[in-house]
Structures are given as structure tokens and as C-alpha cells.
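Some notes on the structure that comes next.
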Amino acid sequence: MAEVSMSDGATPNSTLYVRGLEERVKIPDLIVALREIFEVFGTILDIVAKKSLKRRGQAFIVFDNVNSAQDAMADLQGFELFDKPMTLQYAKSKSDASIKAEGNEKELAARKKERAERKEREQAAEDEAQKKRKAADEDDDAAPVAKKVAKGAAPAGQVPDEYLPPNKILFVRDVPEDYDMENLKVIFGRFAGFKEVRTVPSRKGLAFIEYEAEEGAVQAKERTNGMTLGAAATPIRVTYQRQ
1 MAEVSMSDGA
11 TPNSTLYVRG
21 LEERVKIPDL
31 IVALREIFEV
41 FGTILDIVAK
51 KSLKRRGQAF
61 IVFDNVNSAQ
71 DAMADLQGFE
81 LFDKPMTLQY
91 AKSKSDASIK
101 AEGNEKELAA
111 RKKERAERKE
121 REQAAEDEAQ
131 KKRKAADEDD
141 DAAPVAKKVA
151 KGAAPAGQVP
161 DEYLPPNKIL
171 FVRDVPEDYD
181 MENLKVIFGR
191 FAGFKEVRTV
201 PSRKGLAFIE
211 YEAEEGAVQA
221 KERTNGMTLG
231 AAATPIRVTY
241 QRQ
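For the sequence shown, our numbering assigns the number 1 to the initial residue and increments by one for each residue that follows.
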């Protein structure tokens, strides 16, 4: 499937980036629903929607011309699909389908090569991060209890953070400095009942994520704890807020 990037200030083009979609809908059903809604504005070359964690609740609609995309943008901004309002933006780059339709085989081949190389780099970074996490876990297991307490582990009689009972507020640590509230909203806003992100101005790398109900927080914690962020592929630590 085609892969494009998105941007709030992109120039109008034939590819629309759609976010805010219901994540619980199966991808084939989502694509069918999107096609029924968007095809009234013109010929659709491709619809891209993926189930990976980073791409859930998102899709790309590729028209064969810019006018169709502009009409869809004007009429469908905020339109509710599966009881959730859609947010539409223009994609920052062309889709594979658009490049193929233009007959630019060289550009298409170069893009596929660059994408494959990027995925290799990301995989290498993820492998390295996993090695670091594994080494850190082994060090923690081998360290004396007194040393763990000295490093900030839960004092005697206090439940460690990782064993705190679920509630609707998450406590996030080790957030990279280049990640702001908007970045965190993209990551945690994909889960049901997302309410808000609160950062701690005096403490870098910390944030609180609140959901309307405990279920959303549970799902978010399970999907994001240990996720690597930023250029340094830093793994974040996600626990429930201590009550």
C-alpha cells in the first residue's frame, strides 16, 4: 500500500490525511465506509489505512485530482463516521498511487528504496533500544534491594509503580525533550475516552494523560508502555497515577 506523510500546513494536493477515525472498526470495513463517503467527490486512486499502533485511527484518501480533494475537504471536515468526527488535512507528500498515475517510475522506485532504508534504520534503532531495556532489567534484578530504594524505588510498604491498580489517569516518564503536548496527544489520543494531556512545567520528561474512564487508560498503558520516542529512540515509562 502507498505511504505518505502528513502536515497541518501542507499545500492543497490530491491526497487527504484523515484522522480521528474509530480504531475498533476492522480495516477492510473502514476502507469500504471511507470509499462510500469520499467517492462522491471524484475518482479515488487509493485508500490507505493500517492497523499498526502508530497508524490506527488514520487513513489517506488519494484522488486523481486536486479539485476533488478540495471539495471533500470543504464538505467533510468534522463529518462523523462511526460516531466520531473526522479531521482532514492535506498530505505533505504525494502518494505512490499519484506518482504511478503520473507515470514517474523513477520517482516511485526511489521512494520505495528510501522507505525500505528508513524501515531498516528504524528497526535497527528499535533492536538497540530493546537490548538496552533488557540490560537495564537484568541490572535491576541483580541489584540489592537497598540500592534500588536509593535509586528511587518504592519505599518499604509502598506498592511499586508497575503494580498500582488501574485508574483513568496515566503517569508518563522519560518523555523526550523534542516531544510536546501535541505529540503526546497524537499518541494517546487514539485510545477511547481520551480527555487531556497535562505536562509538568518544572519537570521535563513528565506528563499526565487523563481518560474519561478506566478502560481507555488500561488500553493506552498496555499499548504505549516501553514505546520508543524521539531521535534517540527513548523508551517511555507509563504507569497509573498513584492515588
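Even for Gly, the Cβ is constructed at its ideal location relative to N, Cα and C.
Three-state secondary structure assigned by DSSP to residue 248:
Because the chain in this structure spans residues 1 to 243, residue 248 falls outside the shown range and cannot be described.
Decide if residue 2 is buried, meaning its Cβ has at least 16 other Cβ atoms within 10 Å, or exposed.
The predicted model places residue 2 with a pLDDT of 47, which falls under 50 and marks its position as unreliable, so this point remains unresolved.
What's the gap between the Cα of residue 52 and the Cα of residue 59?
12 Å
With DSSP run on the structure shown, which of helix, strand or coil describes residue 211?
strand
Own chain, CB closer than 6 Å to residue 42, minus 5 neighbours either side, in chain order:
63 and 68
Does the segment 170-182 touch the segment 231-240, meaning 3 or more C-beta pairs lie closer than 8 Å?
yes
Residue 80 bridges to which residues according to DSSP?
85
Flag this pair as yes or no: are the beta carbons of residue 211 and residue 195 separated by less than 7 Å?
yes
So residue 166 packs on residue 214, CB below 8 Å; how close in whole Å?
5 Å
Environment of residue 14 [buried if 16+ CB atoms lie within 10 Å]:
Around the C-beta of residue 14, 16 or more other C-beta atoms lie within 10 Å, and the residue is accordingly described as buried.
Status (buried if at least 16 other CB within 10 Å, exposed otherwise) for residue 24
Result: exposed.
Proximity of residue 193 and residue 87 at Cβ, strictly below 7 Å:
no
Put residue 123 into one of helix, strand or coil per three-state DSSP.
helix
Distance CB(residue 84)-CB(residue 22) smaller than 7 Å
Contact: yes.
Proximal residues to residue 185 (C-beta, below 6 Å), its chain only, five neighbours per side dropped
So the list reads 197, once near-sequence residues are dropped.
Please classify residue 164: does DSSP put it in a helix, a strand, or coil?
coil
By the DSSP assignment, the beta strand (DSSP E) with residue 196 in it spans what residues?
194-199
Since residue 121 and residue 235 should fall inside the 8 Å C-beta cutoff, what is the C-beta to C-beta distance between them, to a whole number of angstroms?
With 8 Å as the limit, residue 121 and residue 235 do not qualify as a contact, their Cβ atoms being about 17 Å apart.
Using the three-state DSSP reduction, which class does residue 63 fall into: helix, strand or coil?
strand
Please confirm whether residue 10 and residue 92 have their CB atoms less than 7 Å apart.
yes
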